[in-house]
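Visitor: In numbering that gives the first Met the number 0, the protein residues as written are 0 to 225.
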Amino acid sequence: MVKCYRLDEVAIIETGEIVPKKKYFSKRGSPFISAKFLNQLILNGKIAELPKIDRTYEKYFKCTTVPAKTIILTKTNLNATNKQVYQCEEEVWIAKDLIAIIPDESIILSDYLYHFLNWYRVNKEWYHLHQISLKIPNVEIQYSMVQILNKVQHLINNKDFLLTQIDGLPQYFHHFSVPIEGHAKNVCHGFNQVQHLYNLLLYRIFKGELVKDIQETDFFKTFSIQ
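Below, the structure written as structure tokens:
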């Protein structure tokens, strides 16, 4: 059910090349991502606001394009808890300060690899990514796992927006402001619990502890998030 692979056996690992001159940027083409733009992209998801490069200019400079579902990381701070990990939704160009990991989805799903890289701490230089060992269940089990992880992460990513909306409720319910404020604190605590749940799931999944649960029970039916 579970096989052990090196990362470079299940994915292509590439680095970006030089940053093209400004004259090669245009209003059409594929987005260009560098470490500078990666942080804002992770925060707001507005890939349409990034500079673009038209493929007709490709012969004039060296630059790396990667397909949708590629996982992108910065070369630095890979051991940090706040390291930057981004999953492409379309083809992009990447700069020399980034690493691209292109999964073979017949073996490892892009979503599964994305969550793994969010969890894993690289204690050495970026090129040691090739030697990372990971346990990979079959694609069907991966799919079930990432359905849960994606939903939990979606809640976490929308935490600030939802809490802001709740904080604004007392102005519309003057006579109930104190009870509403109390509920808002409970909701905030609930989000902290969701973050803890996400971290626990990452640990149990990528340490292989959930495989036994899956074998012994119908785990994904008993642990579903609607």
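Don't be surprised by glycine CBs; every beta carbon is placed ideally from N, CA and C.
1) For the region 83-96 against the region 14-34, do three or more pairs of beta-carbon atoms, one drawn from each stretch, fall closer than 8 Å, so that the two count as touching?
2) So the alpha helix (DSSP H) residue 34 belongs to, where does it begin and stop?
3) Identify whether residue 86 lies in helix, strand or coil by the three-state DSSP scheme.
4) Restricting to Cα atoms, I'd like to know which of 95, 35 and 209 is closest to residue 140.
5) Do residue 95 and residue 18 have their C-beta atoms closer together than 8 Å?
6) Considering just the uninterrupted stretch of the alpha helix (DSSP H) at residue 138, what are its terminal residues?
7) Taking all protein chains shown into account, decide if residue 1 is buried (16 or more other Cβ within 10 angstroms of its Cβ) or exposed.
8) Can you grab the Cα-Cα spacing for the pair residue 155 / residue 193, in whole Å?
9) Assuming residue 61 contacts residue 16 under a Cβ cut-off of 8 Å, what Cβ separation, rounded to an integer in Å, is found between them?
10) Can you tell me which of the three DSSP states residue 105 falls into?
11) Is it buried or exposed for residue 152, if we count other Cβ within 10 angstroms and need 16 for buried?
12) May I have the straight-line CA-CA distance separating residue 131 from residue 83, to the nearest angstrom?
13) Do you know offhand how far residue 37's Cα is from residue 112's?
14) Please report the distance separating the alpha-carbon of residue 63 from that of residue 44.
15) Within a Cβ cutoff of 8 Å, which residues of the same chain sit near residue 148, ignoring the five residues on either side of it in sequence?
16) With DSSP collapsed to three states, give me the class of residue 203.
17) Between the alpha carbons of residue 55 and residue 14, how many angstroms are there, rounded?
18) Using the Cα positions of residue 224 and residue 145, report the straight-line distance between them to the nearest angstrom.
Guide: On the basis of the data shown:
1) Enough Cβ pairs lie closer than 8 Å, so yes.
2) 34-43
3) strand
4) 209
5) Cβ distance < 8 Å, so residue 95 and residue 18 count as in contact.
6) 138-156
7) Exposed is the call here.
8) Their backbone Cα atoms lie some 7 Å apart in a straight line.
9) 4 Å
10) Of the three classes helix, strand and coil, the one that applies to residue 105 here is coil, per DSSP.
11) buried
12) Separation of residue 131 and residue 83 (C-alpha to C-alpha, rounded to the nearest whole angstrom) is 18 Å.
13) 18 Å
14) 21 Å
15) 110, 114, 197, 200, 201 and 204
16) helix
17) 22 Å
18) In this prediction, residue 224 scores a pLDDT of 47, lower than 50, which makes its location untrustworthy; the coordinate-derived value is nonetheless stated afterwards. So the two alpha carbons sit approximately 12 Å from each other.
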